Each structure stands twice: as C-alpha cells, then as structure tokens.
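Residue numbers (my numbering), protein chains in the order written: chain A, 276 to 607; chain B, 276 to 607.
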C-alpha cells in the first residue's frame, strides 16, 4: 500500500511508496529502450497487461488483438482503486491511503506511432478516450482530480517505448492546480474576465508567441515560459472542463496536436517530451473561472539545483525565438 | 541582456535569455565529462576564468596559483551586476531587467574533491566563503535574495566536473521561498513556535528519519520527501540567517556534510546531486520565524510529466527506508 503524505511547510502532497523497499542498487543507470525487446503493448501480447478497461475495437473480443486504442490499468500503479482513504494525523503530520486510479492508454497498435503519423480521426479518438475515462472516473466520489499526461522518451520518464498516454485519478487537488484556480478566481473578481481568455486575446494581437491555431484551438509559447520550447495548447473560447468538448472540437484539437508535435520533432530532432492536461477539479465549487488547457514541454535541458530549489527557472530560449523557429517549419 | 518575466497566472518569475538566440540544434545531446579535457578551474588556468572576486590563498597574487578556495564571476551568467532594474509592464505582463550576481565558488585546487576527501577545516572554509559572499552582496540594495547551491554531475545540471558551488543574487524573492516564509509565519501566529523547530523535535523523538546529527546540526529525510533519499540539513537551534553562524558552528556543519555526502556516495554509487541553501530573504520584514536549512537531493529518478505538471511527486523510497540504508553505512 502506498500512502499520501502532506509536507507540513508547503502543503504539497506526495505519494510515498511504502510497500516495496527499493534498495539503493535499484538506482543504477537504466538502459535505453531496446528496439528488439518484447513489448507488452503490441498486438498479440494483450495477456501481458492487466485486463482491459475499455478499447476501441471492432467485433474482436476483449484482451485479444483487433483494437485501435486500448486502456488498461497500470501494472505498477502509483495509486490503487481498492481500499479506504483512511485520513489520519501522525504526530504533526497528515497522511491518507494511496487511493486512486492509474491507467495506461495505448495510443495505437503500431509500436512507434506519433500524432502526425496516425490518421486525424484516430488521434481524435485518443482524445475521445481521454474524455470517456474522465467521465467514467468522475463517478467515484473519492476522487477529486484527474491528470491525463504523456511521457515520451526515457528522459521524459517513459518506461516503455510503445506510444501511450497515462491517467491518474487523485483523492486530492494538486497544489499547482489550486494555485491556478485561485489566480483565475481573483483575476475574475477584479476584472470580470477569465485570465486565460485575456492571455489568448493578447497573444493573438501581439502575434509573436502564437505557434499554431485553428478555429477552436491555439498553441502558444507562454510569455514566462520555464523551459525552451514550452507550449500551452488552449481552447480559444472559454471552457471549464475538457470532458464537455464534443467530437468536432476534439477533431480540431487532434489536428493542432498533430501539427505541433510534427514541428517539435522536426525542429528538435525527436526530443523526449511531456504533455499534461490541466483540467478543472472534479467537484470543487468556486472554479467556474478556470480554463482547461494542455502544457507541452520538450525535455531539452537538465533542471539544475537552482531551479528545483527555488521554483525559479532559467530559460535559454526566449518564447519569441521558439515561436519563430517552429513557425518556419512547413507542415505540408 | 536577459530579463525577468512574471507568469501572470502563478506569479512565478522566470529568467529568460533574450540576447543569445540558441538554435534548436544547440540541444543535441551533450557529451559526458571528458576526463582528459582542459579544466578552467584547475590551478595554473586562472586566466581562463573572469578576474577573481575573492580567494583563500597565502601570499600568492590574485588570479595565479596558490589558492585553496577561489570565487570568480560565472563566465556565462544568468544575471548581470551592471544595469538598472527597469521594471516595466508589457501589455498584461510584467518584466524587469536581468540584474543580479552569478558567482562560482571553486571548492579546492583538486579537480575531483569531495567534502569527505578534504580536511574538515577546508570544508568549513568553503562554508565560510558562502557566508562572506552573502554578507558582501547584502550591501547591494537591488538584491532581495541569494541562493547558494551545488550541482554535482551532468544529470544534476553541472557543466564542469571540477568541484564547485554557485551563488545567484536575485532582485526578487522566489515564490517557493515566499511560500515557506508564509507557512512559518502562520504557524507561529497559531502556536508561537517555529514549524522547523517543531519538526526537528518531532523527528528526534520519532527517531526513524534522522540520518545524522551532531551538537549543532541535524540531517533528516523529510516526512513528505519528494525524491528518493532527499535530505534536509538544519541547525538544531532556531536560526533565521545562515550568515550569522560563527566559525565553530560552520565547522560542525562541515563535519555533518562530510558524513552525509560520504554515505550518499557509498549507498548510491556516487550519484549526481544538488544541494541548495534555503536562507531568509535579505531585507523583507516579517520573516522572523523562518529557519534556514539546506535541501539535498540525489538525482536518481527522472521527473516525469505527472510530477512537473502538478507539483505532485511520486517517491519510490520511503524516507524511513532511506534513513535506514544511510544509517547502516559506517563513516569510520
């Protein structure tokens, strides 16, 4: 059983593994992905994953080949669905049980697929699967927040090469999300406008940090980007919840993501990257002024001591330069 | 000229390089340290660094050999001493000039020295140099905060192998420090006690997360550690400012650091690591209840998308296990 512990100073919750004592020798350098190795996510190997939660497949039976997108529980979950929250004080500290869900969304049967190598409809279906899983997990009243994310490449934290995304449902709202929501609320109280809507308007008019846009979505390099080539992808009209977006808008999101990931791969020679959905909490009131979005971060530079210790980042590529480089790449 | 930009949502300031447009190809994988390469920090190469700011040396003249510890400006500074703050609004955003100081403390003439291979008095002198530089830079009224830190190893962000520390003086107080200070203040208002003092008392009595202690200092694995083998090193009695510590106490700090780094190197096979001084801001009132400390983080695991996107960390080694492993290592 893992547990959630709260830092008494900062208020940050951390998932601490208590069940499996990793020995120091477990931290020897991990090998790079082996291209000849066995892949548990490839078709025909369905029995090597836990039983599937859902799949987009024709008439083929579950846990066999014939699927296009497949969702399975993470085999080594950070949190587990079974059990009670068991909130408890321990001396001056606070903890609760490691309750949650940890799922893997296998993007496609193709081992190395990218959003820009798949048909647009297939990419839209990946975004539909995100939506369906959020809608389903929302029914569990123990969960407060759902994070959908992708780690691509070893240095982005991926442990398998086969293209996949992940989802974690949490019994608390992460501190970072709390901060974003509080900022949206106080900005709205001051100005009666959404701060993300204001940023989008400002960026479209300024024109120097917009990498890509279509009718419904925009990809921009934020003014105070922490990392070189950091991007935010946002719905252009105000929208609180990802899961309320319809299929037509998710198709446009898929088109934008395909273009952005193509440009990033061309500009930066297929870097490791992460992207992560910043969505509204599941059932907290008072977040009406939030605006869901994705944050996209290529993992180009090592985050050094200064950065993690202060939360103060040094970005060696200005957002305006990053935007210019990416814009110049034709998507054909 | 670099500039400081403020994220309009979270309020986080970021240093953005605007002078030197790094091209995407600059991000190709960097090679590991070459052991045969030229080292600008080794004795005899003093002319390869900017003019020294201070040094512990006998009668030898500046910028030549004969030193024990040497402080020089960073050749590629994140911030510069010259210029004005030029605080400015840019549309909906806020920025200021990249004013500050960025210095390198070369720990010893020996290319690869560790705190536990140097004489204790020499390590104390390194901590004295930190103190002297903080006291000197405090006189510049443009600076609000000074960060002292060490990056050891490529994956911790070090660009040179020769043992060194760094110092950055900032014109703002980092958000993370603001949060720690606010937490200390509200805890004190509630209980009339320092929260770090309470944690130290609790940990000495609980006994399962104390790695090392002497008369004046304690090294512990924090209850809600973000990273495997994360450690905090704190003065046992309440102390607001690092720079008020006397030579005798800095000798004890040196002893503790020597033991802790020895154990970390033995347990984890010389991992990359960062440590960072969390000190009181330079001139803000209202931080009387802060308690300075070092945070020490071995860089063992890749920080994945989930972590950076939410500030919610998954730690695969419990602080109690980490403490047990480290305690079992004899320091002789």
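Ideal placement from N, C-alpha and C gives every residue a C-beta, glycine not left out.
Note that the structure is predicted; figures quoted are calculated from it, not measured.
Measure the alpha-carbon distance for residue i versus residue j and round it to whole angstroms.
{"i": "residue 500 of chain A", "j": "residue 573 of chain A", "result": "12 Å"}
{"i": "residue 313 of chain A", "j": "residue 583 of chain B", "result": "30 Å"}
{"i": "residue 449 of chain A", "j": "residue 284 of chain A", "result": "15 Å"}
{"i": "residue 606 of chain A", "j": "residue 551 of chain A", "result": "23 Å"}
{"i": "residue 320 of chain B", "j": "residue 339 of chain B", "result": "8 Å"}
{"i": "residue 471 of chain A", "j": "residue 456 of chain B", "result": "29 Å"}
{"i": "residue 282 of chain B", "j": "residue 526 of chain A", "result": "30 Å"}
{"i": "residue 364 of chain A", "j": "residue 363 of chain B", "result": "46 Å"}
{"i": "residue 460 of chain B", "j": "residue 280 of chain A", "result": "22 Å"}
{"i": "residue 475 of chain B", "j": "residue 421 of chain B", "result": "25 Å"}
{"i": "residue 497 of chain B", "j": "residue 506 of chain B", "result": "6 Å"}
{"i": "residue 291 of chain B", "j": "residue 433 of chain B", "result": "19 Å"}
{"i": "residue 544 of chain A", "j": "residue 406 of chain A", "result": "31 Å"}
{"i": "residue 463 of chain A", "j": "residue 562 of chain A", "result": "11 Å"}
{"i": "residue 564 of chain A", "j": "residue 485 of chain B", "result": "44 Å"}
{"i": "residue 467 of chain B", "j": "residue 588 of chain B", "result": "31 Å"}
{"i": "residue 370 of chain B", "j": "residue 355 of chain B", "result": "16 Å"}
Looking only at its chain, what residues have a beta carbon closer than 8 Å to the beta carbon of residue i, apart from the 5 residues adjacent to it on each side?
{"i": "residue 388 of chain B", "result": "382 and 438"}
{"i": "residue 400 of chain B", "result": "331, 343 and 344"}
{"i": "residue 317 of chain A", "result": "384, 386 and 437"}
{"i": "residue 522 of chain B", "result": "399 and 403"}
{"i": "residue 595 of chain A", "result": "483, 484 and 496"}
For residue i, return the contacting residues in chain B, with the cut-off set at a CB-CB distance below 8 Å.
{"i": "residue 605 of chain A", "result": "In chain order: nothing, as chain B lies at least about 15 Å away."}
{"i": "residue 352 of chain A", "result": "Correct list: empty, because the minimum Cβ distance to chain B is about 10 Å."}
{"i": "residue 430 of chain A", "result": "577"}
Which residues in chain A have a C-beta closer than 9 Å to the C-beta of residue i? List them in chain order.
{"i": "residue 342 of chain B", "result": "None at all; the shortest Cβ gap to chain A is about 24 Å."}
{"i": "residue 534 of chain B", "result": "The contacting residues do not exist; residue 534 of chain B stays about 17 Å from chain A at best."}
{"i": "residue 372 of chain B", "result": "Those do not exist, as residue 372 of chain B stays about 15 Å from chain A at its closest Cβ, beyond 9 Å."}
Measuring only from the beta carbon, is residue i closer than 7 Å to any heavy atom that is part of the ligand FMN?
{"i": "residue 386 of chain A", "result": "By its list of ligands, the structure shown contains no ligand whatsoever, and the ligand FMN lies outside what it can speak to."}
Once DSSP output is grouped into helix, strand and coil, what is the label at residue i?
{"i": "residue 389 of chain A", "result": "coil"}
{"i": "residue 567 of chain B", "result": "coil"}
{"i": "residue 465 of chain B", "result": "helix"}
{"i": "residue 354 of chain B", "result": "coil"}
{"i": "residue 328 of chain B", "result": "coil"}
{"i": "residue 445 of chain A", "result": "strand"}
{"i": "residue 574 of chain A", "result": "coil"}
{"i": "residue 534 of chain B", "result": "helix"}
{"i": "residue 413 of chain A", "result": "coil"}
{"i": "residue 601 of chain B", "result": "helix"}
{"i": "residue 436 of chain B", "result": "coil"}
{"i": "residue 521 of chain B", "result": "coil"}
{"i": "residue 320 of chain A", "result": "coil"}
{"i": "residue 584 of chain A", "result": "helix"}
{"i": "residue 251 of chain B", "result": "The structure shown does not extend to residue 251 of chain B, since chain B is modelled only from 276 through 607, so no value can be given for it."}
{"i": "residue 278 of chain A", "result": "strand"}
{"i": "residue 558 of chain A", "result": "coil"}
{"i": "residue 483 of chain A", "result": "coil"}
{"i": "residue 541 of chain B", "result": "helix"}
Check the Cβ of residue i against every Cβ in chain A and list those closer than 7 Å, keeping chain order.
{"i": "residue 477 of chain B", "result": "366 and 367"}
With burial defined as no fewer than 16 other Cβ atoms inside 10 Å of the residue's Cβ, what is the status of residue i: buried or exposed?
{"i": "residue 503 of chain A", "result": "buried"}
{"i": "residue 404 of chain A", "result": "buried"}
{"i": "residue 591 of chain B", "result": "buried"}
{"i": "residue 425 of chain A", "result": "buried"}
{"i": "residue 603 of chain A", "result": "exposed"}
{"i": "residue 598 of chain B", "result": "buried"}
{"i": "residue 538 of chain A", "result": "buried"}
{"i": "residue 557 of chain A", "result": "buried"}
{"i": "residue 410 of chain B", "result": "exposed"}
Taking 7 Å as the limit between beta carbons, can you name the residues of its chain near residue i, skipping five residues before and five after?
{"i": "residue 417 of chain A", "result": "360, 374 and 446"}
{"i": "residue 487 of chain A", "result": "494, 531, 534 and 535"}
Could you name the residues of chain B that residue i contacts, counting a contact when the two beta carbons are closer than 9 Å?
{"i": "residue 408 of chain A", "result": "Per Cβ cutoff of 9 Å: no residues; residue 408 of chain A is ~15 Å from chain B at best."}
{"i": "residue 422 of chain A", "result": "580, 581, 584, 585 and 587"}
Step through the CB atoms of chain E and report whether any lies within less than 8 Å of the CB of residue i.
{"i": "residue 454 of chain B", "result": "Absent here is chain E; the protein component of the structure consists of chains A and B."}
Which bits of chain A does residue i rub up against, with CB to CB less than 8 Å?
{"i": "residue 516 of chain B", "result": "Neighbours of residue 516 of chain B on chain A: none; closest Cβ ~17 Å, over 8 Å."}
{"i": "residue 292 of chain B", "result": "589, 590, 591, 592 and 593"}
{"i": "residue 481 of chain B", "result": "366"}
{"i": "residue 289 of chain B", "result": "499, 500, 501, 587, 588, 589 and 590"}
{"i": "residue 570 of chain B", "result": "584"}
Below 6 Å CB to CB, which residues in the same chain sit around residue i once its five sequence neighbours on both sides are set aside?
{"i": "residue 346 of chain B", "result": "328, 329, 378 and 380"}
{"i": "residue 442 of chain B", "result": "378, 408 and 423"}
{"i": "residue 352 of chain A", "result": "377"}
{"i": "residue 308 of chain B", "result": "436"}
{"i": "residue 528 of chain B", "result": "402 and 492"}
Taking Cβ-Cβ distances shorter than 7 Å, what residues in chain B pair up with residue i?
{"i": "residue 450 of chain A", "result": "586"}
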